[in-house]
Amino acid sequence: MSHKEVSNARYYREHTREQDGWTVLAPPPAAGGDVPPPYTPEAAPVVPLPSAVLASTTALPLAFDVPINSNIVGVAPASRTTSFTRDASFAVAFIDICNMMGLDPSTARIGYKWDNETSPNKPTHNPAMDTAQYAPSHATTGKKRKSAESSGPVIRTEESTDEYRQLKARLQCATHKGRFCYVSTVDGHHVPIEPFNVALWAKEIALGRASRDRPPNNIMFQECFLPSRKKPRLATSPSSNPCAPTIYVTVNTGGNTSPPRLRSPLATITNIETPTSPRPSLSADEIRYQPVEQILQLIDDGGRFADSPELSFPAIIFADTLHEFEITHVDQVVLLDADFYVHQVNMPLKLAELFVSESFAAVGRAQKGKNTM
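According to our numbering, the sequence shown holds residues 173 to 545 in order.
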């Protein structure tokens, strides 16, 4: 440091004071004093850039990474890189970027960020409720439990519909028209199947848990796996059983009816005839059962329901309905109970019970051989 600089520094250090937080100069000394001028450091020389470097920097364009398809629902967003010169105006660049993004320049609001600027993930913006269902969820999906949508195999509607049509045609009962029945493989009895259970059965077939020959093993079809609880009501007379042998006993009651004085209590039976071979029973082809028309006409001729207001019509009118269910003779009538004729044939309860009772009696007479061919 020169002598001049040292003297200037000493002068400013000795002639400054603090006032209201500011450092101010003291009043100038009296006239005639030697006051040096303020010290001004010399400025560093400015080195100009080469003309080639200055020209290349000015002509270097600005690159922009513009997102496209960001406003189209269901389309994956993409990006396109474009460049503008440094002397391009903001309006020109704004309109070109809006055209690339498919936005209206009069209503568009866009921003920018530098390529080296870090930011969190882009927020999802739902401009309308229609696009809200396509937006990804921000919540974290838990992995402890499986989603209800992904549990179980996927059932196609076409497969279930085809199985339902085939199963419906298979379960159409020829005996009970208008009903679906499953014929049990245990004892051959008919198990009625409701229409909604037929649809459930078809769905189980589509899932591979059942087949057309075997129903699903659940509570809705448990009756299909149980033996029949209903048995046909046959005549209680012992003679109605064709398999029981017939034994003939001849009792001779001559002129003297007083029993002799014998110890045996069977002394009144003087002749007991036991056939060497039982009477041959009738075969199924030799038994002739009465048609249902004769039973209905017999009920009408008896006039048991003449005073009943609910049976003011003749019973013979139900013959056609019975033929529709393929019930033509009395041996087919006794296979079903009175409830069937009440709910399916629409018979009154009293008439249905009498019709079944008379049919049982007719079957017994036919098996005794009174109606042989």
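We treat Cβ as the ideally placed atom computed from N, Cα and C, and that holds for glycine. Keep in mind the model is a prediction, meaning the values are calculated, not measured.
Which residue comes first and which comes last in the alpha helix (DSSP H) that contains Thr493?
Residues 491-496.
Run through DSSP, which three-state label would Ser531 get?
Looking at Ser531 - three-state DSSP - the assignment turns out to be helix.
Would you give the residue range spanned by the alpha helix (DSSP H) that Val514 belongs to?
Run containing Val514: 510-515, per the alpha helix (DSSP H) assignment.
Would you kindly work out how many angstroms separate the C-alpha atoms of Thr448 and Gln539, rounded to a whole number?
Per-residue confidence for Thr448 stands at a pLDDT of 46, beneath the threshold of 50, marking its modelled position as unreliable; no derived number is given.
Could you check the C-alpha separation between Ala534 and Phe512 for me, to the nearest Å?
Here the C-alpha atom of Ala534 lies approximately 19 Å from the C-alpha atom of Phe512.
Take Met392 as the anchor and find which of Asp492, Met272, Val363 has the nearest alpha-carbon.
It is Val363.
Ordered along the chain, which non-local residues of its own chain (more than five positions away) have a Cβ less than 6 Å from that of Thr493?
If we look at Thr493 and ignore the five residues flanking it on each side, its Cβ neighbours are Val517.
DSSP on Ile269, reduced to helix/strand/coil?
DSSP places Ile269 within a helical segment (H, G or I) once states are collapsed to three.
Which ranges would you report for the beta strand (DSSP E) in the region 331-375 if only whole runs of at least 3 residues count?
Qualifying beta strand (DSSP E) stretches, in chain order: 352-355, 362-365.
In the DSSP assignment, find the unbroken alpha helix (DSSP H) run with Ile282 in it and report its ends.
Unbroken run through Ile282: none, as it is neither H nor E.
Suppose contacts are defined by Cβ-Cβ distances below 8 Å. Is Val502 in contact with Gln462 by that definition?
Yes. Within cutoff.
In terms of alpha-carbon separation, which member of Ala346, Ile499, Arg337 lies closest to Ala378?
Ranked by Cα distance from Ala378, the first of Ala346, Ile499, Arg337 is Arg337.
C-alpha distance - Asp509 paired with Val528, whole-angstrom precision
Here the C-alpha atom of Asp509 lies approximately 7 Å from the C-alpha atom of Val528.
Go ahead and label Ile489 buried or exposed: buried means 16 or more other beta carbons lie within 10 angstroms of its beta carbon, across all protein chains shown.
With fewer than 16 other Cβ atoms within 10 Å, it is exposed.
Pop quiz: Ser251 and Asp268 are said to be a contact at Cβ under 8 Å. What is the actual Cβ separation, rounded to whole angstroms?
Cβ-Cβ separation between Ser251 and Asp268: approximately 15 Å, too far for a contact (criterion under 8 Å).
Per-residue DSSP class, three states only, for Ser393:
Note on residue identity: the sequence assigns Phe, not Ser, to residue 393. Residue state, collapsed to three classes: helix.
Pair within 8 Å by beta-carbon distance, Leu234 and Ser255:
In this structure, Ser255 lies closer than 8 Å to Leu234 by Cβ.
Just the Cα atoms here: how many angstroms apart are Ser242 and Thr333?
If I take the Cα positions, the gap works out to 41 Å.
What distance in whole Å lies between the Cβ atoms of Met273 and Pro239, which are believed to be in contact at a cut-off of 8 Å?
Under the criterion of beta carbons closer than 8 Å, Pro239 and Met273 qualify as touching, at roughly 7 Å.
In angstroms, rounded to a whole number, what distance separates the CA positions of Thr347 and Phe497?
Per the coordinates, the alpha-carbon of Thr347 lies some 6 Å from the alpha-carbon of Phe497.
Evaluate Val264 with the Cβ neighbour count: other Cβ atoms within 10 Å of its Cβ, from every protein chain shown; 16 or more gives buried, anything less gives exposed.
Under the 10 Å beta carbon count, Val264 is surrounded by fewer than 16 other beta carbons and is classified as exposed.
Beta-carbon proximity list for Glu530, same chain, < 6 Å, skipping 5 on both sides:
So the list reads Ile467, once near-sequence residues are dropped.
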